[in-house]
Structures are given as C-alpha cells and as structure tokens.
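Chemist: Sending over a structure as structure tokens; questions will come in a sec.
In UniProt numbering, the protein residues as written are 1 to 153.
Written as structure tokens, this is what we have:
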C-alpha cells in the first residue's frame, strides 16, 4: 500500500513541483545535467512514488517494500528531486548535486544516496538484474518497476 496515495490533482501538483526542482537543480549544478531526460520521467516517477509503490523512508529496510530501479542513470537528477519530495533525502541536498563529496553524484550510487536501490544497470539489463535482486526474498508480492534509457544514437 502506498503511504501517500495522492489523488490525480495532487499528483499533478506534485509533478509541477518536481519539474521546478529539476530546472533549478540542473541550472545550479557545476556539471550541468540532463534536463530533458530528467523531465521525461517526472509523471511516471510521481505516479510510482506517490500513488503506486509501497515504499517510503520508513520502509527503507523492509523486505516488504517495493523497489524502483533507475536504469536510466543519466536522468538521476529528476530521480533525486522525486526522492526529496518523498522525504528520502533532505531537500537541501539538491543544491549539492554533482558537487565534490556530494550525496548526489551524476549517476545513482546506492550507498551514497538514501532511497537509491541498486545502482543503475546497463541499458536494458534491469529486468534480469531486478529479478535477481528479488530472488532471495521470502515473499514475492513486491513490485520492481524500472526505467531504462540508452543515450547511444
């Protein structure tokens, strides 16, 4: 059960807030960012984190939580903004995105950023990897959605 369970109107409002954060995040980052990639996943991540997935900072160590896999590693800025909105990371951390020694590097790193599950997988590899992450769990009722992208042309 999702701890937020926002209505459609509330999801739309939350998505607008996240998009604003993404614009500021990338504008202020010393390394820039991938604004288009970050914005392209806002609606999906907002729906997942605020209506569908059974995940929250309080469930971070529970085997019962759902896990999201961000295989689209270059779009991590948008993911960080969603994690901040959901309370996994302090909003203040967003101003440190891609700074030296930041908790928010340019690609997701599990042990550096709360809320990040496995580090991003190679493009298209998350279905197998995500299933493997779940194999050792007693219950298999959890969801493991993911987003993958490939920057190659």
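Glycine included, each C-beta is placed from N, C-alpha and C at the ideal position. In this text the structure is predicted, and so the values were computed from the model without any measurement.
Measuring straight from C-alpha to C-alpha, what distance separates residue 110 and residue 116?
Modeler: The residue given as residue 110 occupies position 110 in the chain shown. The residue given as residue 116 occupies position 116 in the chain shown. Between residue 110 and residue 116, the C-alpha separation is close to 5 Å.
Chemist: Rounded to whole angstroms, what's the CA-CA distance from residue 52 to residue 72? Just pull it up for me.
Modeler: For the purposes of this step, residue 52 is taken as residue 52 along the chain shown, with counting starting at 1. For the purposes of this step, residue 72 is taken as residue 72 along the chain shown, with counting starting at 1. Rounded to whole angstroms, residue 52 to residue 72 spans 20 Å at the Cα level.
Chemist: Measure the C-alpha to C-alpha separation of residue 37 and residue 101 and round it to an integer number of angstroms.
Modeler: Residue mapping note: residue 37 aligns to position 37 of the chain shown, counting from 1. Residue mapping note: residue 101 aligns to position 101 of the chain shown, counting from 1. If you take the alpha carbons of residue 37 and residue 101, they lie about 24 Å apart.
Chemist: Pick out the complete beta strand (DSSP E) segments inside the UniProt domain "Transketolase N-terminal" (24 to 117), 3 residues or longer, and give them in chain order.
Modeler: Runs found: none.
Chemist: Within 10 angstroms of the Cβ of residue 108, are there 16 or more other Cβ atoms? Answer buried if so, exposed if not.
Modeler: Your numbering for residue 108 matches position 108 in the chain shown. Per the 10 Å Cβ criterion, buried.
Chemist: Pop quiz: residue 83 and residue 47 are said to be a contact at Cβ under 8 Å. What is the actual Cβ separation, rounded to whole angstroms?
Modeler: For this step, residue 83 is matched to residue 83 along the chain shown. For this step, residue 47 is matched to residue 47 along the chain shown. Going by Cβ atoms, the distance from residue 83 to residue 47 rounds to 15 Å, so no, they are not a contact pair.
Chemist: Could you check what DSSP says for residue 13 in three-state terms: helix, strand or coil?
Modeler: For the purposes of this step, residue 13 is identified with residue 13 of the chain shown, where counting begins at 1. In this structure, residue 13 counts as helix in the three-state DSSP scheme.
Chemist: Residue 130 by DSSP, collapsed to three states: which one?
Modeler: Working through the chain shown from its first residue, we reach residue 130 at position 130. Annotation note: pLDDT 49 at residue 130 (below 50); position unreliable, coordinate value reported separately. Reduced to three states, the DSSP call for residue 130 is helix.
Chemist: Thinking C-beta only, is residue 97 closer than 8 Å to residue 25?
Modeler: Looking up residue 25 in the chain shown gives position 25. Looking up residue 97 in the chain shown gives position 97. Yes, they are a contact pair.
Chemist: Taking the alpha-carbon of residue 42 as reference, which of 87, 15, 104 has the nearest alpha-carbon?
Modeler: Taking the first residue of the chain shown as 1, we reach residue 42 at position 42. Taking only the C-alpha atoms, the option nearest residue 42 is 15.
Chemist: State yes or no: is the C-beta of residue 87 within less than 8 Å of the C-beta of residue 57?
Modeler: As a working mapping, residue 87 is identified with position 87 in the chain shown. As a working mapping, residue 57 is identified with position 57 in the chain shown. Contact: yes.
Chemist: To the nearest angstrom, how far is the alpha carbon of residue 89 from that of residue 113?
Modeler: Position 89 of the chain shown holds residue 89. Position 113 of the chain shown holds residue 113. Whole-angstrom Cα-Cα distance: 8 Å.
Chemist: Given a cut-off of 8 Å, decide if residue 92 and residue 18 are closer than it, judged by their beta-carbon atoms.
Modeler: Position 18 of the chain shown, counting from 1, holds the residue named residue 18. Position 92 of the chain shown, counting from 1, holds the residue named residue 92. Cβ atoms of residue 18 and residue 92: not closer than 8 Å.
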